[in-house]
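Keeping their order, the protein sequence lines are chains A and B. One point on numbering: in this note's numbering, the residue at position 175 of the first sequence is 175, and numbering is uninterrupted. This note's numbering runs 347 ahead of the 1-based position in the second sequence. Backbone N, C-alpha and C fix where the C-beta goes; we use that ideal spot for every residue, glycine too. Quick caveat, the model's predicted, so the values are computed rather than measured.
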Amino acid sequence: MKENITLDNYEAFYLDYLEGNLSLVEQKAFEVFLAQHPHLAVEGDELPVLIPPVTDENSHASPIDVFALQQSIDLSELNEENVDFYLIAKEEGLLSDSQTKELLTWLVAHPSHQVDAALMQQTRFKNEVLIYPNKNKLVQKDARIIPLWWAGAAALAAGIALLITFGWNTNEGDSIQPNQATIAQKNKTKQQNEQPNQAPPVNQQNGSQQNGAFDHGHTFKNGTTNQVNPYNAPNNTPIILPSNDQQQLAQENKKPVPKANDDGSLPPNIPAPVRVGDIPEEKTSNQDLAVLSTNEMRNPIEPITEVLSNKLNTPIDFRSAKPTADKKGGFFLKIGKLEVSHKGSKR
Amino acid sequence: MNTKEYNNAVNQYADNIYRFVVKHTRNKMLADDIVQETFAKVWEKHESIQADKAKSYLFTTAYHCLVDVMKKENRSATLDGYESASSEVESHLFDVQKVLHEALNTLPEIQKTVVLLRDYEGYHYDEIAEITNLSESQVKVYIFRARQALKSYLKEIELVA
Numbered sequence: 001m002k003e004n005i006t007l008d009n010y011e012a013f014y015l016d017y018l019e020g021n022l023s024l025v026e027q028k029a030f031e032v033f034l035a036q037h038p039h040l041a042v043e044g045d046e047l048p049v050l051i052p053p054v055t056d057e058n059s060h061a062s063p064i065d066v067f068a069l070q071q072s073i074d075l076s077e078l079n080e081e082n083v084d085f086y087l088i089a090k091e092e093g094l095l096s097d098s099q100t101k102e103l104l105t106w107l108v109a110h111p112s113h114q115v116d117a118a119l120m121q122q123t124r125f126k127n128e129v130l131i132y133p134n135k136n137k138l139v140q141k142d143a144r145i146i147p148l149w150w151a152g153a154a155a156l157a158a159g160i161a162l163l164i165t166f167g168w169n170t171n172e173g174d175s176i177q178p179n180q181a182t183i184a185q186k187n188k189t190k191q192q193n194e195q196p197n198q199a200p201p202v203n204q205q206n207g208s209q210q211n212g213a214f215d216h217g218h219t220f221k222n223g224t225t226n227q228v229n230p231y232n233a234p235n236n237t238p239i240i241l242p243s244n245d246q247q248q249l250a251q252e253n254k255k256p257v258p259k260a261n262d263d264g265s266l267p268p269n270i271p272a273p274v275r276v277g278d279i280p281e282e283k284t285s286n287q288d289l290a291v292l293s294t295n296e297m298r299n300p301i302e303p304i305t306e307v308l309s310n311k312l313n314t315p316i317d318f319r320s321a322k323p324t325a326d327k328k329g330g331f332f333l334k335i336g337k338l339e340v341s342h343k344g345s346k347r
Numbered sequence: 348m349n350t351k352e353y354n355n356a357v358n359q360y361a362d363n364i365y366r367f368v369v370k371h372t373r374n375k376m377l378a379d380d381i382v383q384e385t386f387a388k389v390w391e392k393h394e395s396i397q398a399d400k401a402k403s404y405l406f407t408t409a410y411h412c413l414v415d416v417m418k419k420e421n422r423s424a425t426l427d428g429y430e431s432a433s434s435e436v437e438s439h440l441f442d443v444q445k446v447l448h449e450a451l452n453t454l455p456e457i458q459k460t461v462v463l464l465r466d467y468e469g470y471h472y473d474e475i476a477e478i479t480n481l482s483e484s485q486v487k488v489y490i491f492r493a494r495q496a497l498k499s500y501l502k503e504i505e506l507v508a
């Protein structure tokens with residue numbers, strides 16, 4: 001062991017002890033010293049602030065360590081032995097302006113140490129830019145959490161739609177019971193489709209409302225009724241039409257509506273209303289509408305669409321119809337603003 | 348710290364963490380691994396970390412990763428790829444800074460750490476103490492020792508030159 005451990009130099013030994021830089025012999029000696037001076041032992045790594053007086057006779061401590069542990073810096077002790085400490089303190093910004101001036105004055109008086117001062121200034125590492133090349137790998141994406149059951153339910157609905165398209169038996173004319181979540185959307189759709197220039201009513205024998213050429217469902221003079229009722233189901237509940245058909249309907253409604261004569265008869269240039277059954281298929285532009293009316297479709301997965309609508313607070317509707325002799329089948333799926341429809345081929 | 352704040356921390360501090368680790372290890376590939384591990388650990392606990400503490404948390408984590416790696420690979424004596432990496436890392440530095448980096452590598456790891464945190468990141472003694480789990484007094488002593496050693500190294504080089 002180079003030197004004995006004393007109250008004058010124990011801090012330096014303490015640091016080396018904590019760093020693991022002491023030899024086994026020194027380590028043992030230091031532990032003996034601590035046992036003899038229990039008031040010096042500290043919890044954790046906190047060194048005591050006690051600074052033993054530094055004298056030339058008994059000081060074996062490194063001046064740097066001793067001075068570094070001082071609470072305040074006093075330049076009255078500045079000399080050629082400890083000038084490094086003050087130079088470091090200056091670089092670390094620990095000197096006041098007056099102390100810095102005092103140090104510079106001392107250096108002017110001791111030019112041999114000016115080289116040390118210049119070298120000490122160069123011990124600071126300059127700001128150096130290093131770009132990390134793989135920053136993009138660290139970035140986290142803000143993923144939306146989609147419940148698995150939602151995805152499963154959507155897949156199930158799509159699968160059922162495909163099954164229906166390829167021949168799932170459905171009953172025609174079943175009453176439609178739209179779920180509560182879609183009523184508001186349907187009402188909105190109905191309002192959008194109501195046109196200000198709808199045909200004025202035409203007098204009928206039974207006193208029903210007058211209608212124009214584009215009939216929305218009423219009883220004709222000859223007692224027949226137009227089965228076409230794209231807007232009102234038997235229970236007078238509005239339905240949702242596919243958006244492309246809504247556009248077609250809107251365009252039809254923009255056509256000028258002829259007025260009825262005073263006696264209730266139609267003007268001569270207006271064709272009499274006809275029954276759907278009288279119209280050859282290829283001449284009817286409303287064939288698609290007739291097929292896709294909701295009273296001819298049913299929702300085979302109503303419990304699922306109801307639950308989904310309620311859970312997601314999004315209108316979800318699904319309807320399907322089997323093709324018949326005079327009508328095309330198909331299905332209609334609506335999830336929020338997404339609408340998917342398919343028209344099957346006739347049998 | 349939410350995802351957006353975490354990503355901001357990545358953009359702000361990834362370069363600094365990388366520089367700190369590269370200066371220690373002098374090996375860019377190893378530094379890359381340590382940086383990835385650091386941010387992965389911080390991401391795991393990001394919800395419990397305050398955004399304004401992100402920098403100190405990152406450096407603390409990086410320092411601990413660094414210590415673990417250095418212990419594991421026993422790199423205090425030698426480094427794999429040391430020679431080639433050092434020229435690659437410091438090729439852009441001017442002479443004095445190059446010599447200074449050589450001097451840095453002669454320091455004990457703890458002195459290297461405190462000096463890098465002090466000079467590159469501008470941390471105060473108490474902040475460095477928090478990162479390295481030392482006392483403020485110890486940090487001060489280590490910095491003083493490091494500065495004196497660096498100055499002595501530069502003086503020797505000047506004498507040789």
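Check	Outcome
Nearest-angstrom Cβ-Cβ length linking residue 491/B and residue 88/A, presumed shorter than 8 Å	5 Å
For residue 80/A and residue 445/B, the rounded distance between their alpha carbons	29 Å
Rounded separation between residue 121/A and residue 84/A - CA only	11 Å
Contact with chain B by residue 88/A, beta-carbon distance below 9 Å	yes
Residue span of the alpha helix (DSSP H) that contains residue 340/A, given as start and end	No alpha helix (DSSP H) contains residue 340/A, which is instead part of the beta strand (DSSP E) from 338-343.
The stretch 363-379 of chain B contacting the stretch 404-413 of chain B, beta-carbon criterion three pairs below 8 Å	yes
Chain-ordered chain A contacts of residue 487/B [CB-CB under 7 Å]	68
When 473/B, 450/B, 475/B are compared against residue 493/B, the one with the closest alpha-carbon	450/B
Endpoints, the beta strand (DSSP E) within which residue 401/B is located	Not the beta strand (DSSP E): residue 401/B falls in the alpha helix (DSSP H), residues 401-420.
Alpha-carbon spacing of residue 427/B relative to residue 457/B, whole angstroms	The pLDDT assigned to residue 427/B is 45, lower than 50, so where the model puts this residue is not dependable; a value taken from the coordinates is nonetheless given after this. C-alpha separation (whole angstroms): 20 Å.
Chain A residues whose Cβ lies nearer than 7 Å to that of residue 361/B	132, 135, 138
Option in 482/B, 477/B, 410/B with minimal Cα separation from residue 370/B	410/B
Where residue 348/A sits in the DSSP three-state scheme	The question about residue 348/A has no answer, for chain A in this structure spans 1 to 347.
The stretch 369-387 of chain B in contact with the stretch 127-140 of chain A per 3-pair CB rule at 8 Å	yes
Residue 320/A versus 311/A, 164/A, 77/A, 340/A, residue with shortest Cα-Cα distance	164/A
Cβ of residue 85/A within 9 Å of any chain B Cβ	yes
Nearest-angstrom Cβ-Cβ length linking residue 95/A and residue 73/A, presumed shorter than 8 Å	7 Å
Short CB-CB distance (under 9 Å) between residue 406/B and chain A	no
Where residue 28/A falls, given that 16 or more other Cβ within 10 Å makes a residue buried	exposed
Classification of residue 202/A by the beta-carbon crowding that lies within 10 angstroms, buried from 16 upward	With a pLDDT of 41 at residue 202/A, under the threshold of 50, the modelled position of that residue is not reliable, and no figure is offered here.
Chain-ordered residues of the stretch 112-129 of chain A with a beta carbon less than 9 Å from chain B	115, 116, 119, 120, 122, 123, 124, 125, 126, 127, 128, 129
Residue 72/A, DSSP secondary structure in three states	coil
Residue 501/B beta carbon less than 9 Å from that of residue 119/A	yes
C-beta contact flag for residue 497/B and residue 462/B at 9 Å	yes
Residue 91/A beta carbon less than 9 Å from that of residue 124/A	yes
Residue of 7/A, 128/A, 317/A, 116/A minimising C-alpha distance to residue 36/A	7/A
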